[in-house]
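Report on one structure; see the data block that follows.
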Amino acid sequence: MFKHLSDLRDLVARAASPKKLVLAVSQDSFSLNALHEAYHAGLIIPILVGDREETFHIIREKEYDFEGVEFIDEANPEKCVEIAVRKVNSGEANILMKGKVPTPVLLKGVLNKEWGLRSGSLLSHLAYFEVPTYHKLIAVADVAMNIAPSLKDKIAIIENSVKYLNDLGIQKPKVAVLGAIEMVNESMQATTDAALLSKMNQRDQIKNCLIDGPLAFDNAVSFESAHHKNIKSEVAGDTDLLLMPDIEVGNVLYKSLVFFAKAKVASVILGASAPIVLTSRSDSEESKFNSILLAALAK
13 MFKHLSDLRD LVARAASPKK LVLAVSQDSF SLNALHEAYH AGLIIPILVG
63 DREETFHIIR EKEYDFEGVE FIDEANPEKC VEIAVRKVNS GEANILMKGK
113 VPTPVLLKGV LNKEWGLRSG SLLSHLAYFE VPTYHKLIAV ADVAMNIAPS
163 LKDKIAIIEN SVKYLNDLGI QKPKVAVLGA IEMVNESMQA TTDAALLSKM
213 NQRDQIKNCL IDGPLAFDNA VSFESAHHKN IKSEVAGDTD LLLMPDIEVG
263 NVLYKSLVFF AKAKVASVIL GASAPIVLTS RSDSEESKFN SILLAALAK
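So the working numbering is basically just the index in the sequence shown, starting at one, shifted up by 12.
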């Protein structure tokens, strides 16, 4: 059971050799800071693709040391993305990271049919939180990719997330499917989806995890709340993964945890043929660093 995101750093440090990460549109100060820290800690090997003048202006100004790091000079953001994605597609790099480029431009490259990173799976976002008031790290999906996921989409999001947590060594993560209430209400789609997902898990249609729902947020993360409402569940109060009903709920929870609960966070895009570090513009340098660690642990 992981309690701190720093535990992930220890796992990455134990790897036989550091993975290669390519930064698409490298003239981004926060991304360069996180990469510099990870590089000098021996955790990753960076490849920079971007505008030479702008990138090296930041490097000189911040006094970063990227000596010996591969750099590809390209001013056009779309071309940067193509170069970076092709490197991952060919196996020259293991991880793709978003730099100073709009997310739609990056994802267009990722989904390119010729040289992109399609795997046949749904792309989904996983955020991993260290919340001061919770007894272990807790994952949240999906807060950034899938707007109004269908039941089929939710299955794919769970499968992407559970595989990642399994790879971390969490053999049977506990998944709470969130709704506004704990009972099934045919007028509330999130509750009927939750009940179906729970039953599919019981019938072994969704494997390697334990799913319960619908659960309201308080029951999912609080033993006391679940006990008060007489909810008997192996998941309630001990959740490893919160499945969001839609992106609006996920986005509000994500930002509430970061800005009000002062949680630390790392995030990664799953479902492609390689992990993708795609953080928010408002995410801190620490969050970007933690996200690099998260991606480095994906298999």
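Built from N, CA and C at the ideal position, the CB exists for glycine as well.
| Item | Value |
| --- | --- |
| Does the beta-carbon distance from Leu290 to Ile281 come in below 7 Å? | yes |
| Could you pull out every residue in the same chain whose Cβ sits closer than 6 Å to the Cβ of Ser234, ignoring the five residues on either side in sequence? | Gly249 |
| Is the distance from the Cβ of Gln39 to the Cβ of Asp77 below 7 Å? | no |
| I believe Ser279 touches Leu134 by the beta-carbon criterion, under 8 Å. Please report the beta-carbon distance rounded to the nearest angstrom. | About 16 Å; that fails the 8 Å criterion. |
| Of the choices Asn213, Leu254 and Glu142, whose alpha-carbon is the least far from that of Val187? | Leu254 |
| Over what stretch of residues does the alpha helix (DSSP H) that includes Lys120 continue unbroken? | Thr115 to Val122 |
| Ends of the beta strand (DSSP E) at Glu82? | Glu82 to Asp85 |
| Have a look at Tyr176, Thr204 and Ala308 and flag the residue whose alpha-carbon is nearest the alpha-carbon of Gly283. | Tyr176 |
| Consult DSSP for Glu142 and reduce its assignment to one of helix, strand or coil. | strand |
| By Cβ distance below 6 Å, which residues in the same chain neighbour Asn220 in space, the five residues on each side in sequence not counted? | Val174 and Asn178 |
| So Ser18 is in the alpha helix (DSSP H); what residue range does that whole segment cover? | Ser18 to Ala25 |
| Roughly how many angstroms separate the alpha carbons of Glu260 and Gln201, rounded to a whole number? | 15 Å |
| If we count the other Cβ atoms within 10 Å of its Cβ and call it buried at 16 or more, is Gly132 buried or exposed? | exposed |
| Have a look at Lys267, Ala151 and Glu94 and flag the residue whose alpha-carbon is nearest the alpha-carbon of Met13. | Ala151 |
| Taking C-alpha atoms, which residue in Tyr140, Asn213, Asn263 and His48 lies nearest to Glu297? | His48 |
| Taking C-alpha atoms, which residue in Pro226, Gly54 and Ala273 lies nearest to Phe141? | Ala273 |
| DSSP three-state label for Ile259, please. | helix |
| Quick one: measure Cβ to Cβ for Ala192 and Ala228, integer angstroms, because I've assumed they're closer than 8 Å. | 6 Å |
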